[in-house]
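Notes follow once the structure below has been shown.
Protein chains: 2
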Amino acid sequence: MESSGEAGTYAHDVLAVVLRITEAVPSVLLWQRAREPQAGRWSLPAGRLGPDEDVEASVRRHLAEKVDLAEVAHVEQLGVFSDPHRGPPPRRVATAFLGLVPTDADPAVPDDTAWHRVDALPPTAFDHGVITRDGLDRLRAKLSYTNIGFALAPATFTVSELRDLYAAALGHRVSATNLQRVLTRRGVLVPTGATAAPGPAGGRPAATFRFCEHALRVTDPFAALRPPGDGG
Amino acid sequence: MESSGEAGTYAHDVLAVVLRITEAVPSVLLWQRAREPQAGRWSLPAGRLGPDEDVEASVRRHLAEKVDLAEVAHVEQLGVFSDPHRGPPPRRVATAFLGLVPTDADPAVPDDTAWHRVDALPPTAFDHGVITRDGLDRLRAKLSYTNIGFALAPATFTVSELRDLYAAALGHRVSATNLQRVLTRRGVLVPTGATAAPGPAGGRPAATFRFCEHALRVTDPFAALRPPGDGG
DNA sequence: GCAAAAGTGTTTGAAGTACACCCATGT
DNA sequence: ACATGGGTGTACTTCAAACACTTTTGC
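Okay, structure coming up:
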């Protein structure tokens with residue numbers, strides 16, 4: 036048992052929506068609660084904020100218990116969830132993060148932990164279903180105006196493979212032709228020079244690419260109201 | 036004096052970057068600390084998260100002590116600031132918000148509180164300078180792809196007046212011609228039918244407009260990778 | 001009439017979608 | 001040969017910036 040602490044102080048949790056594209060659909064990393072509260076339901080990886088770390092360091096520390104951190108290609112803050120009744124007392128405040136894992140990493144996970152398709156979530160604990168949805172919305176938005184794809188894609192890939200990743204994440208068809216042009220114009224894709232072998236049915240060998248940078252960059256900063264003399 | 040509370044719990048603060056365009060420049064609402072820590076320095080409006088409120092309710096409650104809440108046209112979460120050394124012990128975690136006040140409101144503020152131009156901030160307490168910058172960056176970004184201008188503009192206005200607001204907030208020249216076309220095309224401006232009287236130097240009377248909605252709406256959701264058959 | 005400010009028309013360019021067509025490989 | 005998938009070329013659309021020109025006022 037734990038007491039509720041001094042008046043005006045709250046346990047602060049950090050939690051992570053870790054997404055990965057699997058089987059042409061986004062999946063989120065969840066673990067099944069063995070004990071109350073909410074035994075049997077599925078939770079996002081989470082943990083208590085420690086005294087000598089900020090929330091980002093904390094979420095990385097806790098994530099390391101569920102996945103190899105080296106395979107989490109990007110982490111960013113989603114926001115604070117603080118409804119006083121978001122869980123049973125004592126009251127907890129949580130800072131949520133979005134984490135992304137490339138498809139070529141297949142991190143080992145503990146027995147109680149598994150990837151779940153976001154379109155068919157199992158019963159989730161507390162507000163974790165809502166938070167997962169927020170994470171996916173953030174990813175979808177940023178695919179359009181940043182290079183965040185680097186965190187979903189393998190080290191090298193063909194445009195077709197990348198197209199499938201984007202289509203899975205966005206939930207709608209994506210044209211390989213246009214995807215290549217958009218990302219090339221923005222300078223986020225670099226050809227490796229190598230080509231991939233065709234499949235068993237034949238076809239022209241595909242050129243392979245990689246992302247130029249592996250840090251988040253906004254590639255389409257504003258659609259309108261740019262400073263004068265800035266092109267357009 | 037206050038103790039540091041039970042291990043693993045932290046005081047949670049909420050604070051607000053309240054912005055308003057004054058004298059053709061963005062200003063932020065700050066109050067001067069009378070007591071240690073950081074006596075004499077200027078702080079963002081802030082307060083402790085209460086036991087029965089979420090962070091947004093809390094920031095509204097604390098803001099009400101500094102400004103008339105009815106004059107804050109928009110509030111949104113910026114993020115969590117949690118560096119263990121962002122202030123003196125005991126450690127405090129803070130959720131920051133952005134608040135916007137229209138130019139036609141001139142809220143009464145307490146004696147210790149004043150608007151300060153963001154381009155000439157006085158010495159700020161803790162990390163409040165950085166947080167202020169974050170708030171301004173958020174405002175600038177959203178001016179381009181949302182209708183957030185409604186929260187800066189008076190109830191009705193001419194396009195010239197609106198142009199001056201946008202230019203002040205963005206920090207660069209804005210063309211009234213193009214501003215009107217962009218906002219009209221997006222359906223965020225509505226003509227009132229009335230016209231404003233010309234100034235003493237003459238000139239054609241300006242038509243007046245108002246914002247169609249007074250809730251935040253994303254008007255330019257994605258520049259690229261839209262679903263097929265969605266125009267383009 | 002003239003200056004000042006508002007507003008419209010039009011040109012230019014960039015970005016993105018759609019689609020036709022060519023290329024390289026396997027069987 | 002021909003099917004299969006990869007890639008380029010190009011037309012079309014939308015959006016927004018730039019700028020010339022017209023409109024309506026005060027003096």
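So the sequence lines, in the order shown, correspond to chains A and B. Counting in our numbering, the first sequence runs from 36 upward without gaps. Counting in our numbering, the second sequence runs from 36 upward without gaps. The C-beta atom is built at its ideal place from N, Cα and C for all residues, glycine as well. All values reported here derive from a predicted model rather than from experimental measurement.
Cα-Cα separation between residue i and residue j, rounded to whole angstroms
i	j	result
P235/A	G75/A	44 Å
S117/B	G82/A	15 Å
V52/A	L133/A	5 Å
W77/A	L135/A	19 Å
S93/A	A131/A	11 Å
P80/A	W66/A	7 Å
V128/B	Q112/A	15 Å
L54/B	E196/B	18 Å
L200/A	E248/B	36 Å
Y45/A	D265/B	47 Å
S38/A	K101/B	Confidence at S38/A is low in this model, with a pLDDT of 47, below 50, so the placement of that residue is unreliable and no value is reported for it.
A229/B	H207/B	29 Å
A105/B	H120/A	27 Å
V63/A	P157/A	11 Å
T243/A	V165/A	37 Å
T159/A	R68/A	10 Å
P86/B	E41/B	16 Å
N213/B	F257/A	15 Å
Q73/A	G237/A	52 Å
Neighbour flag for residue i against chain B, beta carbons, 8 Å
i	result
V18/A	Outside the displayed span of chain A (36 to 267) sits residue 18/A, for which this structure offers no information.
F257/A	yes
H207/A	yes
D199/A	no
V194/A	no
V94/A	no
S78/A	no
Q112/A	yes
L224/A	no
V52/A	no
Burial state of residue i, where buried means 16 or more other Cβ atoms lie within 10 Å
i	result
G61/B	Residue identity check: residue 61/B is Pro in the sequence provided, not Gly. Buried: at least 16 other Cβ atoms inside 10 Å.
G114/A	buried
P262/A	exposed
R198/A	buried
T167/A	buried
R126/B	buried
D154/B	exposed
A186/A	buried
L98/A	buried
P124/B	exposed
Beta carbon proximity, residue i to chain A, threshold 8 Å
i	result
G43/B	yes
F244/B	no
G82/B	no
A46/B	yes
S62/B	no
E88/B	yes
S179/B	yes
D146/B	no
T130/B	yes
L156/B	no
V165/B	no
Close Cβ partners of residue i (< 7 Å) along its chain, the five nearest in sequence each way excluded
i	result
D139/A	P189, A190
T57/B	W150
L218/B	L224
R245/B	A190, T191, V225, T227
A232/A	P240
R152/B	V60, S62
D147/B	W66, Q67, A69
H163/A	S78, L79
C-beta atoms of residue i and residue j nearer than 8 Å
i	j	result
A204/B	L178/B	yes
D1/B	A259/A	An answer regarding residue 1/B cannot be provided, because it is not within the stretch 36 to 267 covered by chain B.
D103/B	P142/B	yes
V90/B	V49/B	yes
Cβ neighbours of residue i in the same chain (closer than 8 Å, five flanking residues each side left out)
i	result
I183/B	H109, L135, L174, K177, L251
E88/B	R96
R221/A	N182, T254, D255
Y180/B	V253, T254, D255, P256
A202/B	A59, R208, V209
6 Å Cβ shell around residue i - same chain, five flanking residues per side excluded
i	result
G122/B	F161
H47/A	L84, V128
V194/A	A211, Q215
E21/A	Absent from the model: residue 21/A. The displayed extent of chain A is 36 to 267, so no value can be given.
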